[in-house]
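Novice: First the structure, which I've put down as structure tokens, then a few questions once you've had a look.
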Amino acid sequence: MSSQETPEENLPAERADDEHAHGAVSVADEKHPFADPGLPPHEHRIQDIDERAAKRSERTVALLFTLSMLATVGFIAAFVTIPADKIVYIFPLGHISGLNFALGMTLGLALFCIGAGAVHWARTLMSDEEMTDERHAIAAEPEVKAKVLADFKQGAKESALGRRKLIRNTMFGALTLFPLSGIVLLRDLGPLPEDKLRHTMWRKGLQLVNMNTNEPLRPSDVAVGSLTFAKPEGLEEHDHEFQTEIAKAALMIVRLQPDNIKDKRELEWSHEGIVAYSKICTHVGCPISLYEQQTHHVLCPCHQSTFDLADGARVIFGPAGHALPQLRIGVNDEGYLEALGDFDEPVGPAFWERG
Numbered sequence: 001m002s003s004q005e006t007p008e009e010n011l012p013a014e015r016a017d018d019e020h021a022h023g024a025v026s027v028a029d030e031k032h033p034f035a036d037p038g039l040p041p042h043e044h045r046i047q048d049i050d051e052r053a054a055k056r057s058e059r060t061v062a063l064l065f066t067l068s069m070l071a072t073v074g075f076i077a078a079f080v081t082i083p084a085d086k087i088v089y090i091f092p093l094g095h096i097s098g099l100n101f102a103l104g105m106t107l108g109l110a111l112f113c114i115g116a117g118a119v120h121w122a123r124t125l126m127s128d129e130e131m132t133d134e135r136h137a138i139a140a141e142p143e144v145k146a147k148v149l150a151d152f153k154q155g156a157k158e159s160a161l162g163r164r165k166l167i168r169n170t171m172f173g174a175l176t177l178f179p180l181s182g183i184v185l186l187r188d189l190g191p192l193p194e195d196k197l198r199h200t201m202w203r204k205g206l207q208l209v210n211m212n213t214n215e216p217l218r219p220s221d222v223a224v225g226s227l228t229f230a231k232p233e234g235l236e237e238h239d240h241e242f243q244t245e246i247a248k249a250a251l252m253i254v255r256l257q258p259d260n261i262k263d264k265r266e267l268e269w270s271h272e273g274i275v276a277y278s279k280i281c282t283h284v285g286c287p288i289s290l291y292e293q294q295t296h297h298v299l300c301p302c303h304q305s306t307f308d309l310a311d312g313a314r315v316i317f318g319p320a321g322h323a324l325p326q327l328r329i330g331v332n333d334e335g336y337l338e339a340l341g342d343f344d345e346p347v348g349p350a351f352w353e354r355g
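At position 56 of the sequence shown (counting the first as 1) the number is 56 in full-length UniProt numbering, and the numbers step up by one without a gap.
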């Protein structure tokens with residue numbers, strides 16, 4: 001049924017002054033320099049004039065809310081049943097955590113359906129009546145301001161906070177310390193990080209393993225001007241803590257001519273011009289992957305922070321706050337490159353515990 005065919009008695013009641021409220025144009029004068037163009041004629045929604053359309057909208061909103069409930073149940077079921085270490089392949093995302101994917105999809109669907117249902121409800125079924133209201137002054141009258149100020153002063157005087165300093169100070173102390181009880185409850189969110197952010201898997205004697213071939217590296221495997229990525233010996237991709245550990249221990253290996261190394265400590269910590277630096281950018285933790293052979297610069301692809309590997313990996317461009325940490329390396333009895341300790345500073349972005 002179209003709005004033209006709808007009987008007049010089915011239309012919503014109109015105000016008697018509609019003809020003055022809609023389309024009215026006032027004349028500008030000195031007191032009111034801007035003309036009032038009025039409002040265009042009100043157009044009724046199909047749901048206002050056709051009950052069948054309103055029922056369809058009602059069912060649509062109910063369906064969206066029902067889908068939200070089912071998605072919430074799915075979220076709980078996924079959290080309980082899917083193992084945290086389960087990896088699945090999903091095109092085009094690749095191999096990702098099955099639990100994270102399920103939780104994200106179900107929670108996102110639940111929130112989307114609630115929002116979509118509320119919007120559809122408001123746009124199709126809630127009141128569509130247009131109302132106008134005259135503006136009024138926001139500020140209170142001077143008499144009201146004076147009374148509020150007088151009441152405040154009277155209350156402060158009656159509380160005796162000015163004279164009872166012991167009560168005042170202990171009250172402030174109680175109000176200051178009480179929120180600390182909530183901070184203590186945060187302890188139950190998980191174990192304290194302690195000094196885990198300061199250390200990685202690297203320790204003296206661990207061999208440098210090529211990330212691509214999964215084989216230990218010899219000095220002869222690293223050509224001058226090449227860029228090689230390495231991980232600690234014993235860290236495998238199927239390990240439960242692989243992602244956590246590689247995010248701190250990932251290395252990039254570059255071989256320079258010893259004469260091109262400007263930083264004295266960098267030269268001492270290298271082996272025959274082979275230097276090992278953290279692959280994790282010190283800006284926001286992106287993996288560095290771009291190397292300029294001629295300038296010995298490495299570039300972070302996220303925000304273009306640039307580091308000079310011939311000069312202690314200092315920052316020469318971009319938002320990174322400090323140089324890349326270097327790993328001291330040597331060669332073991334079997335001729336393989338090995339670490340001579342851990343990084344001397346935390347890897348990745350700066351954090352307040354650095355001291």
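From the three backbone atoms N, C-alpha and C, an ideal C-beta is built for every residue, glycine too.
#1: Give the secondary structure of residue 357 by DSSP, where H, G and I count as helix, E and B as strand, and everything else as coil.
#2: Since TYR291 contacts VAL254 with CB under 8 Å, what's their CB separation in whole angstroms?
#3: I'd like to check one pair, ALA160 with THR200: are the Cβ atoms closer than 8 Å?
#4: Please classify ASP263 as buried or exposed, where buried requires at least 16 neighbouring CB atoms within 10 angstroms.
#5: Can you check DSSP and say which residues form a bridge with ASP308?
#6: How far does the alpha helix (DSSP H) with THR60 in it extend, from its first residue to its last?
#7: Looking at the secondary structure, which residues open and close the beta strand (DSSP E) in which LEU324 lies?
#8: What number of angstroms, rounded off, separates the C-alpha of PHE317 from the C-alpha of LEU256?
#9: Can you tell me whether VAL119 is buried or exposed? The criterion is at least 16 other CB atoms within 10 Å of its CB, across all chains shown.
#10: So is LEU309 buried or exposed if we call it buried at 16+ other beta carbons inside 10 Å?
#11: Quick one, which of HIS95, ASN212 and THR124 has its alpha-carbon nearest ILE49's?
#12: For GLY74, collect the residues of the same chain with a Cβ closer than 7 Å to its Cβ; drop the 5 residues on either side in sequence, then sort them by chain order.
#13: Using three-state DSSP, classify LEU197 as helix, strand or coil.
#14: Pick helix, strand or coil for ALA139, following the three-state DSSP scheme.
#15: Assuming PHE65 and GLY115 form a contact by the criterion Cβ under 8 Å, report the distance between their Cβ atoms to the nearest whole angstrom.
#16: Following a CB-centred definition, is ASP333 positioned closer than 7 Å to any heavy atom of the ligand COA?
#17: Just to confirm, is the Cβ distance from GLU338 to PRO325 under 8 Å?
#18: When we look at the beta-carbon of PRO179 and count the other beta-carbons within 10 Å, is it buried (16 or more) or exposed?
#19: When you compare each of LEU189, CYS281 and THR60 to CYS302 by their alpha carbons, which one comes out closest?
#20: What three-state label does DSSP hand GLY23 in the structure shown?
#21: Would DSSP call ARG255 helix, strand or coil?
#22: Quick check on DSSP: helix, strand or coil for LYS248?
#23: Return helix, strand or coil for GLU158, following the three-state DSSP convention.
#24: Kindly indicate the opening and closing residues of the beta strand (DSSP E) around PRO223.
#25: Using the Cβ count rule (16 or more neighbours within 10 Å means buried), how would you classify HIS240?
#26: Look at the Cβ atom of PRO216, then the Cβ atom of GLU233, and state whether they are nearer than 8 Å.
#27: Closest by CA to PRO349, which one among GLY285, LEU327, ARG56 and HIS296?
#28: Pick from LEU340, SER270 and VAL148: whose alpha carbon is nearest that of VAL222?
#29: For a test of the three-state rule: what should DSSP assign to ILE280, helix, strand or coil?
#30: Taking just the CA atoms, how far does ALA78 sit from HIS22?
#31: Return yes when the Cβ of TYR277 is within less than 8 Å of the Cβ of ALA230, no when it is not.
Specialist: Straight from the coordinates:
#1: For the chain, the structure presents residues 1 to 355; residue 357 sits outside this window and is missing.
#2: 7 Å
#3: For the pair THR200 and ALA160, the CB atoms are not nearer than the 8 Å cut-off.
#4: buried
#5: HIS297 and ARG314
#6: It spans 51 to 81 - the alpha helix (DSSP H) in which THR60 sits, taken as one unbroken run.
#7: Run containing LEU324: none; DSSP gives neither H nor E here.
#8: 21 Å
#9: exposed
#10: buried
#11: The alpha carbon of ILE49 has as its nearest neighbour, out of HIS95, ASN212 and THR124, the alpha carbon of THR124.
#12: THR106
#13: helix
#14: Look at ALA139 here: in three-state DSSP terms it is coil, with no helix or strand label.
#15: With a Cβ gap of about 11 Å, PHE65 and GLY115 do not count as contacting.
#16: Looking at this structure, you won't find the ligand COA or any other ligand, since it has none at all.
#17: no
#18: Burial call: exposed.
#19: CYS281
#20: For GLY23, the predicted model reports a pLDDT of 45, less than 50, meaning its position is unreliable and no value from the coordinates is stated.
#21: strand
#22: helix
#23: helix
#24: Here the sequence assigns Ala to residue 223, which means Pro is not the residue at that position. Counting along the chain, ALA223 falls outside any beta strand (DSSP E), and DSSP gives it neither H nor E.
#25: exposed
#26: Cβ atoms of PRO216 and GLU233: closer than 8 Å.
#27: Nearest in C-alpha terms to PRO349, of all of GLY285, LEU327, ARG56 and HIS296, is GLY285.
#28: SER270
#29: strand
#30: Residue confidence is low: HIS22 scores 47 on pLDDT, short of 50, so the model does not pin down where it sits. No coordinate-derived value is stated.
#31: no
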